[in-house]
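To start, the structure itself, in C-alpha cells.
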Amino acid sequence: MKLDPSLLARIQFAFTVSFHIIFPTMSIGLASFLAVIEALWLKTKDPLYLQIYKFWLSIFAMGFGIGVVTGIVLSFEFGLAFARFAEMAGPAIGPMIALEVLTAFFLEAGFLGIMLFGLHRVGPKLHFFATCMVAVGTLISASWILSANSWMQTPSGVAIHDGRLTVVSWRDVIVNPSWLYRLPHMVTAAYLTASFLVAGVGAWYLLKGKHLQFARRTVALGTAFATVLIAGQVFIGDLVYGTMLKHQPSKMQAAEGFWEKKSQSPAPYYWIIVPDQPNQRNRLAVGIPYLGSIWLTHSLRGRVEGLQNTPRDRQPRMGMVFYAFRIMYGLAIVMFAIGVASLWLRLNGRLFSSRRFLWVLVLMTPSGVIATLAGWYVAETGRQPWVIYGILRVADAISPVPATTLLSSLVGFICIYAVFITAFLTFTIRLIRRGPAGAPPHAEASGSLKNAFRPHVLDKPIRITIGVD
Amino acid sequence: MDLPLLSALFVTFALTLYVMLDGFDLGVGILLLLQPTKNSRDHMVDSITPTWDGNETWIIMAAITLFAAFPAAYSILLPALYVPVIIMLLSLGLRGVSFEFRVQTIKHRRKWDMAFAAGSLVAALMQGVIVGAVMQGVRIDGTRFSGSVLDVFKSLPLISGVALATGYTVLGAGWLILKSNASVQHFAIRGLRVASPLFALLFGAACIYAVNIQPGIRSAWGSHPIALACLVGLFAVCAGMLALVPMKTVPVAPFVFGLLLFVDCLAGIALIVFPDIVPFRVSLWEAASSSVSQQFVLIGAVCVTPVVLGYSAFAYWIFRGRTPEEGWGE
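Following this line, the structure appears as C-alpha cells:
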C-alpha cells in the first residue's frame, strides 16, 4: 500500500488537535468555576468553598499542564506538516496567534504558579486576583484562537495576488462573519463541560453517601450553571447554524443528511443514514417524519437543501459531518432535559435524593467534552476539502515531508499521548475516589498583600495533602 | 521604519529569553538524571515548579512571531527541521506533564522523575541539533525546502546538540547553586565543575567545525572580524570566571556568568546569520509578510511585552529566595 502524505498529515493534525482541545475545554470552564468558588469563599468565609476550590484545583492543574504541552505542538504543526498553508495564512492568522501568546499564554503562565502554590505567600485577595487572571487568560486565548479558526471558516479582510495573501483590513480579519457567534458557542460549551464534570463528581459522592456537604454544594452549583448555560447554548447554537448556513452552506447540507437539491416535502429529521458519496445518495436513512421541515425550515412542509447544491469537488464527506452533528445535537437535547429535570427536582426538594437523576448526572460527567469534540468535528470536517474555505485546499497545503516520516511522528504522538491520557485519568479517578481533603482548621482569610513582601511571616504552611498515595 | 528588521529583533529577543529561562529549567531536569536522593530531586523540581510554564512560553512566542512576520522562512525551516522539532515537542511534553504527575504519586515518582529528566535531556539535545542544522544550511528550491528530512543528523548538528545540552546543564547548576539547600548546592557545584569546561570545549569544537563546512560563516568572519573576536574573548572570560569564582560565598555568580555565556553565544550567531532569516539562503526582507501584518505584531509586542515582563518578574519575586525544604505549600 502506498502511503498518502496528505492523508497522514491530516490524521496527525486531527489527532493532536482533538486530543489538545479536550484540555482547554476543561480548563476554560474550570478556571472560571474556580474564580467563582474563590469569590464565594472570600465573601462567605465558608471553608466548604475552600475545600471545593482545592479539590478542583488539583484536577485543573493536571489538565492545564497537558493543555499547555499539547498546545505548543500545534503552534509548530502549521509549519511542520502544512508548510504551504503556513506560508499563505501566516500574514493573517500568525499575528492573531502572536497576540494570543502575548495577551493570554503569558498571563495564564505568569499567574498559574501563584494560583497553584502562592496562597500562603500572597494572601487570599491577591491569590483571588491570580485565579481571575488565569480565568481571563483562558478566555482571551479562546477569543484569539476562535477568531483565527473562524477566519479559516469564513475568511474576510484579505486580498490575494500571485498566491500571496495580504491583509486589507484587520477589523474584517478579526471580526470575520462567524467569530462573534462561534466564540460564545465555544465558551458556553466549555462552561457546560465544567458544570457537568462538577455535578457528576458530586452526584457520585451522593450515591456513595460520602462527602455529603461537598457533594450537595457542587451538585447544586453544577446543575444550576448547567441549566442556565444549556438554555443559552441552544439559542447561540441556532445563531451559529444560521451563520454557517449563509457563509458555508456545504457544511450544513452535509450535517442534515440530504443529497437532493430540494428534499422531499415534508422533510424528515434523520438520525441514522448510510451515505453513498460516489452515487450521491443514502443507502439507508431513518428519521422522524415532519421534524426536518419543522426544525430546519420552520414550516410544516418546507424542503431542505441537500449536498448536491455544492459541486462534487467542493463537497465534504457527509458521514463525518452528519454523525458529529448528531452526537453534539443529541447530547444538547439530553442536557436540556437534565436542566429541566433539575429545576423540577430542586423545586420539590429532591435534587440530592433522586437516585435515578444522580445516576444520569454521573453518566453525563464527560458529556461536555464529547459534545465539544463533536462540535469541532462538524466545524473542521465540514470545511473540507478546504483548509481556508474557498481559498486554499488541504491537498495543496502539505509540506514536502515524506509519508514514512509523517507516519513515524504520528505513531510517536499516539504513544506519548496515550501515556498522558492514561496518567491523567488514573490520577483524576484516584483524586475523586479519595475525595476532598478536610478544609484547613483556620481558613486564612485574613491575609493581605503584605505577606507577598514578607515571606518570613509565612511560618508553617498548612498543608492539605491532596493526592499522595 | 524597517519593520522586518524590528520583527527579526523581536524573534531574537524571544529566543534569547527562552534560552536563558527554559535553559535553566531543562538544565535542572538533566541534572535530575544524576541525583540519587529522592528528597533532593523533589527539592530540585520545586525550585522551578512555579515559573517553568512562563519560561517555556517564550519558545511559542519566537515560533509564532516567525510564522506571522516571516511565513516564507517558517514554511522552509519547519519541514527541514521536522524530525528534531517533533522529537523536541514530544520531549517537552513529557517533561511538562511530569511536573503535574510526579506529585500525584510516591510509589512511581522515580519513574516520572526519569521521564522528566529524559524529556529535558532529549529536548535540549534536539534544540542543539536544530541550531546546528540551521547553521550548516538547509537546501531550498525557490520558496520550498528541497532537501531530505534526515539532513539534520550530520556531524555539526550532533556536536551542537551535545554542546547545548551541556550548556543548559551549566545554567541549571547555576540556578540550583542560587536557589537550593546545602546538599543540592554541593551537588550542583560538582556538576558545574564538570559541565562548564566541557561546554566551552564542545562549543569551541562546534564553532571551528562550522567555519570549516559553511562558507557563509567564513565570510561573516571576514566582514565582522573585530566584533566576533570580541565575543570569543568574552566567552573565554565568562568560561574562566565559571571556573574561578567562589560559588559558596557568591552563589549568584555562576548563574549570572552562565547566562552571560549564552547571551554571548546567541549574539555571535545573530551576527553571523544577519541579515538572513533562513541562514545563508533567504534574507529577512525576502521572507517578510506584508507591512500590515508586521505592524500588527509589533504594536502588540511593544504594548504588551513590558506588561508580560512586569508580571513575570512579579511571579519570580513572589517565589524568591531559597526553595523551602517542604516545597511551596499546597
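Order-wise, the sequence lines are chains A and B. Counting from 2, one number per residue, gives the positions in the first sequence under the working numbering. Counting from 382, one number per residue, gives the positions in the second sequence under the working numbering. For glycine and all other residues, C-beta sits at the position ideal for the given N, C-alpha and C.
Chain B places a beta carbon closer than 7 Å to that of Arg122(A), counting this residue as a contact. Taking CB atoms only, Asp645(B) has no neighbour in chain A less than 7 Å away. Within the same chain, Gly410, Leu413, Val426, Leu475, Arg476, Ser479, Phe480, Arg483 come within 8 Å of Phe497(B) by CB-CB distance, once the 5 residues on both sides are set aside.
DSSP places Tyr271(A) inside the beta strand (DSSP E), whose first and last residues are 270-277.
Rounded to the nearest angstrom, the Cβ distance from Phe616(B) to Leu642(B) is 7 Å, consistent with a contact under 8 Å. At least one beta carbon of chain A lies nearer than 7 Å to the beta carbon of Ser671(B). The Cβ atoms of Gln595(B) and Gln675(B) do not sit closer than 7 Å to each other. Each residue's CA atom was taken as its position, placing Thr224(A) and Leu127(A) some 29 Å apart. When CB distances to chain B are screened at a threshold of 7 Å, the residues of the region 65-78 of chain A falling below it are Gly66, Ile67, Val69, Val70, Thr71, Ile73, Val74, Ser76, Phe77, in chain order. Taking CB atoms only, Leu49(A) has no neighbour in chain B less than 7 Å away. Assignment of beta-bridge partners to Ile161(A) by DSSP yields Leu166(A). Judged by DSSP in its simplified three-state form, Trp387(A) adopts strand. It is roughly 14 Å from the alpha-carbon of Gln566(B) to the alpha-carbon of Gly408(B).
Sequence-distant partners of Ser561(B) (beyond 5 residues in either direction) whose C-beta falls short of 8 Å from its own C-beta, in its chain, are His424, Met425, Ser428, Ala569, Arg703, Thr704. For the pair of segments examined, the region 193-205 of chain A was found to touch the region 358-365 of chain A: the number of CB pairs separated by less than 8 Å reaches three.
The beta carbon of Val678(B) is closer than 8 Å to those of Ser388, Phe391, Thr446, Ala449, Ala450 in its chain, skipping five residues each way along the sequence. Look at the beta carbons and you see the region 646-663 of chain B not touching the region 56-74 of chain A: under three pairs across the two are nearer than 8 Å. Uninterrupted alpha helix (DSSP H) stretches at least 4 residues long and entirely within the region 252-329 of chain A occur at 292-298, given in chain order. At the C-beta level, Ala372(A) and Val388(A) stay beyond 7 Å of one another. Its chain contains Gly158, Val159, Ala160 as the residues whose beta carbon lies nearer than 8 Å to that of Val169(A), once the 5 sequence neighbours on both sides are disregarded; these appear in chain order.
DSSP places Val633(B) outside both helix and strand once states are collapsed to three, so it counts as coil. With respect to chain B, the C-beta atom of Gly95(A) has a partner C-beta closer than 7 Å. Going by beta carbons, Phe20(A) and Tyr324(A) fall outside the 7 Å limit.
Contact between Val519(B) and Phe526(B) is confirmed by a C-beta separation of about 6 Å, below the 8 Å threshold.
Within the region 485-515 of chain B, the residues whose Cβ lies closer than 7 Å to any Cβ of chain A are, in chain order, Gln485, Thr486, Ile487, Lys488.
Contact with chain A is found for Leu471(B), since one of that chain's Cβ atoms lies less than 7 Å from the residue's Cβ. Counting every other CB atom within 10 Å of its CB across the protein chains shown gives Asn436(B) a total of 16 or more, marking it as buried.
DSSP places Leu359(A) within a helical segment (H, G or I) once states are collapsed to three. Residue contact with chain A for Phe405(B): absent (no Cβ-Cβ distance below 7 Å to any residue of chain A). Using a CB distance cut-off of 7 Å, Val135(A) does not count as an interface residue toward chain B.
Look at Ile699(B): its C-beta is under 7 Å from a C-beta on chain A. With contacts defined as CB atoms closer than 7 Å, Phe337(A) and Ile237(A) fail to qualify as a contacting pair. Comparing alpha carbon positions, the residue from Gln13(A), Trp57(A), Lys209(A) closest to Phe77(A) is Gln13(A).
For Ile658(B), the enclosing beta strand (DSSP E) has its first and last residue at 657-659.
Where Arg520(B) is concerned, there is no enclosing alpha helix (DSSP H), because DSSP gives it neither an H nor an E.
Residues Leu413, Gln416, Asp494 of the same chain have their beta carbon placed closer than 7 Å to that of Arg422(B), with the five preceding and five following residues left out of the count.
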